[in-house]
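Just below is one structure, and these are the notes that go with it.
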Amino acid sequence: MKIASRQQSLSKQLLIRFGLSLMTLGLTTLSINYRLIQADLEHKVLEQAHSVTVSLGFAATKLLEQQTLEPLQQVVQNYATLPTVQTVALVSDQGAVLASSSITWQNRQLDQIHPKLANLVADAVRQSSSLTRPLRFNGQSVLLHITPLQPTAGQRTLVIAILDRQKIRESARQTLLASTATLLLGTTAILGLMWLLLQRLVLRPLNQLSQNIKVSQTTGLFQLPLLPFNNEIAALAETFHTVFQQRQQSEKILTESEKRFRTLVENTPGAIYRCAFDSQWSMDFISDAITDISGYPASTLIHNRVRSFASLIHPDDTASVEREVARCVEKRQPYLLEYRIVHADGSIHWVRERGQGVFDAEGTLLHLDGVIFDISSLKQVEAALRQSEERLRTVIRAAPILLFAIDASGQLTFADGCGLALLDLEPDTVVGTSVYDLYRKSPEALQQIQQALQGAEVTGTVEVGDIFFESRYRPVRDAAGTVTGAIGVSIDMTDRKRAEAQLQQKTAALEQALLELQRTQLQMVQSEKMSSLGQMVAGIAHEINNPVNFIHGNLSHISCYAQELLELIALYQQHLPEPPPAIAAQIDAIDLEFLSQDLTKALQSMQTGTNRIREIVLSLRNFSRIDEAEVKEVDIHEGIDNTLTILGHRLKAKPHRSEIRVVRDYQPLPLVECYPGPLNQVFMNILANAIDALEATFPQAAGAASLTLPSGDPATIWITTSVRDHDRVAIHIRDNGEGIPDSVRRRLFDPFFTTKPVGKGTGLGLSISYQIITERHGGELYCHSTPGQGAEFVIIIPVKQTLSEAFSD
């Protein structure tokens, strides 16, 4: 009955959903069809209106040329008899009604009839083309069509036709009703056909399949039904048949597997279990071997019928077992436990348990599977082994490498061990000798022995001859607690000391290697940085220079052409002071006088802008010197100026500060042999840091721009150059910022040292600059600074380079 009701529900759902789909499709089609019909009718009416206005315009043009105005009203009346035409009128470009089919329009202005008519007529006159607009007129939705006529007798005339949109919609509705009726009939026919096909292809085969399934539930046999069509239901019946056979085979395999598992469990020496992960370790299954281990039958532990497994665990081990299992389950790894359980006879047994959690596909823990072994006998063996190891350890402690004992006077009463041979001593000869004689050349050893005789335990390293010993001294007391002597143990540490010395040497070598590695890294960073900069400048020169040169070259021609056009317009205005209305209106619309003045200014601004772009690109090329990787004679002043050009945007005034001034004090310098690109990078790093320092000095109050620093002076960078000793040049770059504290100044050139926030600096700029000046150019780079008075960086490089070419690599 349930299957039959489900079939009926399925058929109803299919029929309803298909019907709803058809209805949705039909409604969508009707909506589209209605819009298409309405659009088509409006298009036809517009064509008719255009024909009317063109025809009326042609007739009116003839009458206007003949200046015969009396028949004009009759002509307009004749064209207003069409079904969709409400009103036809002939108006001037000034909005006066010349003739109209409506009595209310005659001898009136358009803005008196409707406020939008005059504006639309003006638009049609301005565009000199037909114009169509929807409009609300006398409470009705109409369509307005305006056609301008050719000027006659110095007058511009237009034809206006107003069409009734309600009649257009009514015609569309009638057509839509006919389409709707046809669509409903077609939908009903399709639904009926679908119901018949559903009964034949779906419901009857499903009913037969459900009957066979019901029979298989009682007999255990499934008979494949004979279906008239090879469709999805036939495939479903085949699937039922296959699943039923597979189920019978699986049940047979499961029965055999259970037999094998039962045999395996019975022959395993440990207790196999499956339990829940709860506080009681509730057992879903545990083998009978648990009886031999705990003394309790397995049946009493299943589902905690008599007692829980947790009750068997020794109370001192309960917490550790729970903690370790929880940790392993959380990490999804097997656990291995050793703990005690309380046997039924009251004895304590040690067990070893190994298990792991079982999870489903979603990662949810299902249960714990594992095995438990009795290791009580193994624990007894381990205890005996520990006792034996303890005895052996006592013997070892009693006979170390060098073991000795002394009395209260410092006489050796016992000495043994291979350590004596290192000192060229024998046990028999050394006993009775005073330690004060034996260690007279080792005052540290004598001091430790005296501390031990005074009742202190002493540990330390001493040197005896060329041998290093790590010694431990302990005082010996009698029953009254009086110190009667001391015992000591000494271990040869010579090899360790030598290893420590070697380790120190290797550490120093590693530190030197690290320093060299950092220098190499800095060289690689600098090389990669300059290579990237060179590629960027090459791209800029290629992508910007060509179009900028094209614009710059054509601006002069455009300026000449514009000037000639302006002169021509001036001549027109001189000889034709009274232009036609259309030209006068256009002159007012474009504001010709302002346009003439602004065009010249705009062209001059474009000329200045292209010159600025060319200067910046040239400065970038000179700054990077991508084609000058070797030593070359260059003008130091040119490199500084190019760097300042690139940094020009940072020197300009900002919302929170005034412009940063740059004061150049250049002395005559010879051409200097150097690496131009790296040297320009040094100028860039130092100047950029100076700008950062000055910006940090300005007050940071929002919305309050400051023209001066807190000291009252304008922000300034001074650049001074000079010749020193005829063979070196000096460049001084100074700012009047806050200055640099001594603690920071001492580490300015350390790699990766920076005082800027994370993301603002890498700490490599000044380190790379120092390497470029000192190593690549054989020069000097240092900084003078007094906090509160700014900072000054001094660069000194030789005029001629004598360094090896290895530095250029």
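Residue numbering for the sequence shown is 860 to 1668, as defined by the numbering used here. The beta-carbon is built from N, C-alpha and C at its ideal position, and this holds for glycine as well.
### Query
What number of angstroms, rounded off, separates the C-alpha of residue 1140 from the C-alpha of residue 1204?
Numbered from its first residue, the sequence shown carries residue 1140 at position 281. Numbered from its first residue, the sequence shown carries residue 1204 at position 345. In this model, residue 1140 and residue 1204 are separated by some 22 angstroms (Cα to Cα).
### Message
Closest to residue 1261 by C-alpha separation, out of 1583, 1241, 1246 and 1285, would be which residue?
### Response
For the purposes of this step, residue 1261 is taken as residue 402 along the sequence shown, with counting starting at 1. Looking from the CA of residue 1261, the closest CA among 1583, 1241, 1246 and 1285 belongs to 1285.
### Distance CB(residue 959)-CB(residue 935) smaller than 9 angstroms
For the purposes of this step, residue 959 is taken as the residue at position 100 of the sequence shown. For the purposes of this step, residue 935 is taken as the residue at position 76 of the sequence shown. Cβ atoms of residue 959 and residue 935: closer than 9 angstroms.
### Task
Report the three-state DSSP secondary structure of residue 1641 (helix, strand or coil).
Counting from 1 along the sequence shown, the entry for residue 1641 is found at position 782. Here residue 1641 sits in strand by DSSP.
### Task
Report buried or exposed for residue 1440, applying the criterion of at least 16 other Cβ atoms within 10 angstroms of its Cβ.
Here residue 1440 refers to the residue found at position 581 when the sequence shown is read from its first residue. Classification of residue 1440: exposed, given that the 10 Å Cβ count is below 16.
### Message
Can you give me the C-alpha to C-alpha distance between residue 1056 and residue 1071, rounded to a whole angstrom?
### Response
Within the sequence shown, the letter at position 197 stands for residue 1056. Within the sequence shown, the letter at position 212 stands for residue 1071. The straight-line gap separating the alpha-carbon atoms of residue 1056 and residue 1071 is approximately 23 angstroms.
### C-alpha distance - residue 1111 paired with residue 1178, whole-angstrom precision
Along the sequence shown, read from residue 1 onward, the residue named residue 1111 stands at position 252. Along the sequence shown, read from residue 1 onward, the residue named residue 1178 stands at position 319. Going from the Cα of residue 1111 to the Cα of residue 1178 covers about 44 angstroms.
### Task
Please list, in chain order, all residues of the same chain as residue 947 whose beta carbon is under 6 angstroms from its beta carbon, the five residues on each side excluded.
For the purposes of this step, residue 947 is identified with residue 88 of the sequence shown, where counting begins at 1. Excluding five sequence positions before and after residue 947, the CB atoms of its chain that fall closer than 6 angstroms to its own CB belong to 935, 938, 939, 960 and 1020, given in chain order.
### Task
Mind the definition here: the stretch 1511-1522 touches the stretch 1624-1643 only if three or more C-beta pairs lie below 8 angstroms; say whether that holds.
Contact between the stretch 1511-1522 and the stretch 1624-1643 is absent, because fewer than three Cβ pairs lie under 8 angstroms.
#### Entry: Cα-Cα separation between residue 1259 and residue 1301, rounded to whole angstroms
Looking up residue 1259 in the sequence shown gives position 400. Looking up residue 1301 in the sequence shown gives position 442. Here the model assigns residue 1259 a pLDDT of 49, short of 50, so the residue's position is not dependable, and the following value carries that caveat. Those two C-alpha atoms are separated by around 21 angstroms.
### Query
Going by the beta-carbon positions, is the gap between residue 1493 and residue 1533 smaller than 9 angstroms?
Indexing the sequence shown from 1 puts residue 1493 at position 634. Indexing the sequence shown from 1 puts residue 1533 at position 674. Here residue 1493 is near residue 1533, since their CB atoms are less than 9 angstroms apart.
### Query
Got a sec, what are the start and stop residues for the alpha helix (DSSP H) residue 1537 sits in?
As a first step, residue 1537 is located in the sequence shown; it is residue number 678 there, counting from the start. First-last of the alpha helix (DSSP H) with residue 1537: 1535-1556.
### Message
Does residue 1647 come out as helix, strand or coil in the three-state DSSP assignment?
### Response
The residue you call residue 1647 lines up with position 788 of the sequence shown. Here residue 1647 sits in coil by DSSP.
### Query
Comparing alpha-carbon positions, which option in 1282, 1270, 1306 and 1309 lies nearest residue 1292?
Position 433 of the sequence shown holds residue 1292. It is 1270.
### Query
CB residue 1342 to CB residue 1335, shorter than 9 angstroms?
Numbered from 1 along the sequence shown, position 483 holds the residue referred to as residue 1342. Numbered from 1 along the sequence shown, position 476 holds the residue referred to as residue 1335. Yes. Within cutoff.
#### Entry: Cβ-Cβ separation, residue 1589 to residue 1655 (assumed contact under 8 angstroms), whole Å
In the sequence shown, the residue the question calls residue 1655 occupies position 796. In the sequence shown, the residue the question calls residue 1589 occupies position 730. Yes, they are in contact, since the Cβ atoms of residue 1655 and residue 1589 sit about 5 angstroms apart, within 8 angstroms.
#### Entry: With 16 other Cβ atoms within 10 Å as the buried cut-off, status of residue 1652
Here residue 1652 refers to the residue found at position 793 of the sequence shown. Residue 1652 is buried by the Cβ-count criterion.
### Query
When burial is assigned at 16 or more other CB atoms within 10 Å of the CB, is residue 879 buried or exposed?
Mapped onto the sequence shown, residue 879 falls at position 20. When all chains shown are included, residue 879 counts as exposed.
### Spatially closest choice to residue 1331 from 980, 1346 and 1138, by CA coordinates
In the sequence shown, the residue the question calls residue 1331 occupies position 472. Ranked by Cα distance from residue 1331, the options 980, 1346 and 1138 are led by 1346.
### Task
Would you identify the three-state DSSP class for residue 1193, choosing helix, strand or coil?
Sequence index remark: in the sequence shown, residue 1193 carries index 334 (1-based). In the structure shown, residue 1193 falls within a coil segment according to DSSP collapsed to helix, strand and coil.
### Query
From residue 1329 to residue 1209, what does the alpha carbon distance come to, in whole angstroms?
Looking up residue 1329 in the sequence shown gives position 470. Looking up residue 1209 in the sequence shown gives position 350. Taking the straight line from one Cα to the other gives about 43 angstroms.
### Query
If you pair each beta-carbon of the stretch 1503-1516 with each one of the stretch 1590-1609, do three or more pairs fall below 8 angstroms?
Because the criterion of three Cβ pairs below 8 angstroms is not met, the stretch 1503-1516 and the stretch 1590-1609 do not touch.
#### Entry: For residue 1658, three-class secondary structure by DSSP
If you number the sequence shown from 1, residue 1658 lands on position 799. DSSP places residue 1658 in coil when its eight states are reduced to three.
### Task
With distances taken Cα to Cα, identify the nearest neighbour of residue 1218 among 1613, 1190, 1460 and 1128.
Here residue 1218 refers to the residue found at position 359 when the sequence shown is read from its first residue. Distances from the CA of residue 1218 to each of 1613, 1190, 1460 and 1128 were compared; the closest alpha carbon is that of 1190.
### Message
Please give the ranges of any alpha helix (DSSP H) in the stretch 1133-1196, keeping only runs that are unbroken, at least 4 residues long and fully inside the region.
### Response
Qualifying alpha helix (DSSP H) stretches, in chain order: 1149-1153 and 1177-1190.
### Task
Over the uninterrupted alpha helix (DSSP H) stretch that includes residue 986, give me the two end residues.
Residue 986 sits at position 127 when you count from the first residue of the sequence shown. It spans 974-986 - the alpha helix (DSSP H) in which residue 986 sits, taken as one unbroken run.
### Query
Which word fits residue 1669, buried or exposed, when buried means at least 16 other C-beta atoms lie within 10 angstroms of its C-beta?
Look at the range of the chain in this structure, 860 to 1668, and you will see that residue 1669 is not part of it.
### Task
Confirm, please, whether the CB-CB distance from residue 1274 to residue 1264 is below 9 angstroms.
Counting from 1 along the sequence shown, the entry for residue 1264 is found at position 405. Counting from 1 along the sequence shown, the entry for residue 1274 is found at position 415. The criterion of a C-beta distance shorter than 9 angstroms is satisfied by residue 1264 and residue 1274.
### Query
Per DSSP, what kind of secondary structure is residue 1519 in: helix, strand or coil?
As a position in the sequence shown, residue 1519 is number 660, starting the count at 1. Three-state result, residue 1519: coil.
### Message
Does the structure place the stretch 1133-1148 close enough to the stretch 1168-1187 that three or more beta carbon pairs sit under 8 angstroms?
### Response
The stretch 1168-1187 and the stretch 1133-1148 touch, with no fewer than 3 CB-CB distances between them shorter than 8 angstroms.
### Query
Quick one: what does DSSP say residue 1304 is sitting in, helix, strand or coil?
Within the sequence shown, the letter at position 445 stands for residue 1304. Helix, per DSSP.
### Message
Please classify residue 1295 as buried or exposed, where buried requires at least 16 other C-beta atoms within 10 Å of its C-beta.
### Response
Mapped onto the sequence shown, residue 1295 falls at position 436. The residue is exposed, with fewer than 16 neighbouring Cβ atoms inside 10 Å.
### Query
Taking the continuous beta strand (DSSP E) assigned at residue 1322, which residues delimit it?
Here residue 1322 refers to the residue found at position 463 when the sequence shown is read from its first residue. Unbroken beta strand (DSSP E) run through residue 1322: 1317-1323.
### Task
For residue 1416, count neighbouring C-beta atoms within 10 Å of its own C-beta (all shown protein chains included) and say buried if the count is 16 or more, exposed if not.
Counted from its first residue, the sequence shown places residue 1416 at position 557. Classification for residue 1416: exposed.
### Message
Please list the terminal residues of the continuous beta strand (DSSP E) segment that includes residue 1443.
### Response
One-based indexing of the sequence shown puts residue 1443 at position 584. No beta strand (DSSP E) contains residue 1443, which is instead part of the alpha helix (DSSP H) from 1440-1449.
### Task
Please check the pair residue 1230 and residue 1130, which I expect to be a contact at CB under 8 angstroms, by giving their CB distance rounded to whole angstroms.
Translated into positions along the sequence shown, residue 1230 becomes position 371. Translated into positions along the sequence shown, residue 1130 becomes position 271. Between residue 1230 and residue 1130 a beta carbon distance of about 7 angstroms is seen, short of the 8 angstroms cut, so the two are scored as contacting.
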